[in-house]
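K.L.:
Have a look at the structure that comes next, please.
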Amino acid sequence: MKKEIRLEKLQQLNSKIIKCKKCPRLNSYIKDVARKKVKRYSDEKYWGKPLAGFGDINAQIIIIGLAPAAHGGNRTGRMFTGDSSGDWVARVLYENKFASTPTSQRLDDGFFLKNAYITAAVRCAPPDNKPSRDEFENCFAYLEQELEILEKTNVIVCLGKIAFDTCCKLLKIKGQKFSHGNVILHEKYKIICSYHPSRQNTQTGRLVWKKWNEIFAKAQKLINK
């Protein structure tokens, strides 16, 4: 498929995602968060809508997260932007030559991806970071369509077990277990498992920088194999 056609298809998909109202609970929650805000961001206008993925249309690597953060992506309008998880993601992508700058704070900050694309299993911030089964199902087709449009991709990095389980369902992979650093070979993709860079993992030492950086160094090597 020509790049121009893929770009058009991706733009159409992203527009559809942003307007999505399939999940009443999530739709209500993200609007409520955007209206009430938190004190540290009380003077900011929140995005408060579903989030599309973003990145390079010719990306060889796709990074799948769980869902936007209530006061991160749901505030800034871009996944992994404006929160602690986003700090870890931006820095590691920059250090492994997948991003333009080492920080991702807001839409107009000059941060962009190179040979990479970031998406998520669910497109709205869920209460307590726990989407329901139906909410996963409602978002599933969006991920399917992204993978079809991003036809140059050959490496997928799954951030957390839920992202991994979603990826396995998408690619009809059975019998594989999630383990940080594990690589699973699919007929088209190399799938890398990683702990999610949430505060729960980074502040407890479950995920340390060396092990986190190794995931993306590995991804950089695998895209060329």
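For the sequence shown, this note's numbering gives the first residue as 1, with consecutive numbering after it. Note that CB positions come from ideal geometry on N, CA and C, so glycine has one too.
Pop quiz: L159 and H196 are said to be a contact at Cβ under 8 Å. What is the actual Cβ separation, rounded to whole angstroms?
P.N.:
Here residue 159 corresponds to residue number 159 of the sequence shown, with the count starting at 1. Here residue 196 corresponds to residue number 196 of the sequence shown, with the count starting at 1. Contact holds; Cβ gap of about 4 Å.
K.L.:
Between the beta-carbon of T103 and the beta-carbon of D87, is there less than 9 Å?
P.N.:
Reading the sequence shown from its first residue, position 103 is the one you call residue 103. Reading the sequence shown from its first residue, position 87 is the one you call residue 87. Yes, these two residues count as a Cβ contact at 9 Å.
K.L.:
Return helix, strand or coil for A163, following the three-state DSSP convention.
P.N.:
Along the sequence shown, one-based indexing puts residue 163 at 163. Helix at A163.
K.L.:
Nearest to Y142 by CA position, among E214, A70, V122 and K130, is which residue?
P.N.:
As a working mapping, residue 142 is identified with position 142 in the sequence shown. Minimum Cα distance to Y142 is reached at V122.
K.L.:
What number of angstroms, rounded off, separates the C-alpha of N154 from the C-alpha of K190?
P.N.:
As a working mapping, residue 154 is identified with position 154 in the sequence shown. As a working mapping, residue 190 is identified with position 190 in the sequence shown. Near 6 Å, if we compare the C-alpha coordinates of K190 and N154.
K.L.:
Is the distance from the Cβ of F140 to the Cβ of K169 below 9 Å?
P.N.:
Here the question's residue 140 lines up with position 140 in the sequence shown. Here the question's residue 169 lines up with position 169 in the sequence shown. Yes.
K.L.:
Quick check: the Cα distance between N58 and T76, rounded to an integer number of angstroms?
P.N.:
As a working note, residue 58 is residue 58 in the sequence shown. As a working note, residue 76 is residue 76 in the sequence shown. Cα-Cα distance, rounded: 25 Å.
K.L.:
Could you name the residues of the same chain whose beta carbon sits closer than 6 Å to that of T68, not counting the 5 residues immediately before and after it, in chain order?
P.N.:
Translated into positions along the sequence shown, residue 68 becomes position 68. Reading the sequence as shown, one finds Pro at residue 68 and not Thr. Counting only Cβ-Cβ distances below 6 Å, and skipping sequence neighbours, we find L51, N74, M79 and A125.
K.L.:
Please tell me whether R6 and I156 are closer than 9 Å, where the distance is taken between their beta carbons.
P.N.:
Counted from its first residue, the sequence shown places residue 6 at position 6. Counted from its first residue, the sequence shown places residue 156 at position 156. Not closer than 9 Å, so no.
K.L.:
Can you name the start and end residues of the beta strand (DSSP E) that T101 belongs to?
P.N.:
Locating residue 101 in the sequence shown gives position 101, counting from the first residue. From DSSP, T101 is part of no beta strand (DSSP E); its letter is neither H nor E.
K.L.:
Can you list, in chain order, the residues of its chain with a C-beta nearer than 6 Å to that of K31? Leave out the 5 residues immediately preceding and following it.
P.N.:
Against the sequence shown, residue 31 aligns to sequence position 31. Answer for K31: G48, listed in chain order.
K.L.:
Starting from K190, trace the beta strand (DSSP E) both ways and give me its first and last residue.
P.N.:
What you label residue 190 is simply residue 190 of the sequence shown in a count that begins at 1. K190 to S194 is the span of the beta strand (DSSP E), which, as asked, contains K190.
K.L.:
By Cβ distance below 7 Å, which residues in the same chain neighbour K9 in space, the five residues on each side in sequence not counted?
P.N.:
On the sequence shown, residue 9 is found 9 positions in, with the first residue counted as 1. Excluding residues within five positions, the ones whose Cβ falls inside 7 Å are I149.
K.L.:
Determine the closest residue to I215 out of A70, L93, E4 and L13, with distance taken between C-alpha atoms.
P.N.:
Locating residue 215 in the sequence shown gives position 215, counting from the first residue. With distances taken between Cα atoms, I215 lies closest to L93.
K.L.:
Give me the Cα-Cα distance between N96 and V33, rounded to the nearest whole angstrom.
P.N.:
As a position in the sequence shown, residue 96 is number 96, starting the count at 1. As a position in the sequence shown, residue 33 is number 33, starting the count at 1. Computed Cα separation, rounded: 34 Å.
K.L.:
What number of angstroms, rounded off, separates the C-alpha of I63 from the C-alpha of L147?
P.N.:
The sequence position of residue 63 within the sequence shown is 63, counting from 1. The sequence position of residue 147 within the sequence shown is 147, counting from 1. Computed Cα separation, rounded: 11 Å.
K.L.:
Taking only the alpha-carbon atoms, compute the straight-line gap between C20 and T119 and give it to the nearest angstrom.
P.N.:
For the purposes of this step, residue 20 is taken as residue 20 along the sequence shown, with counting starting at 1. For the purposes of this step, residue 119 is taken as residue 119 along the sequence shown, with counting starting at 1. In a straight line, the C-alpha of C20 is about 16 Å away from that of T119.
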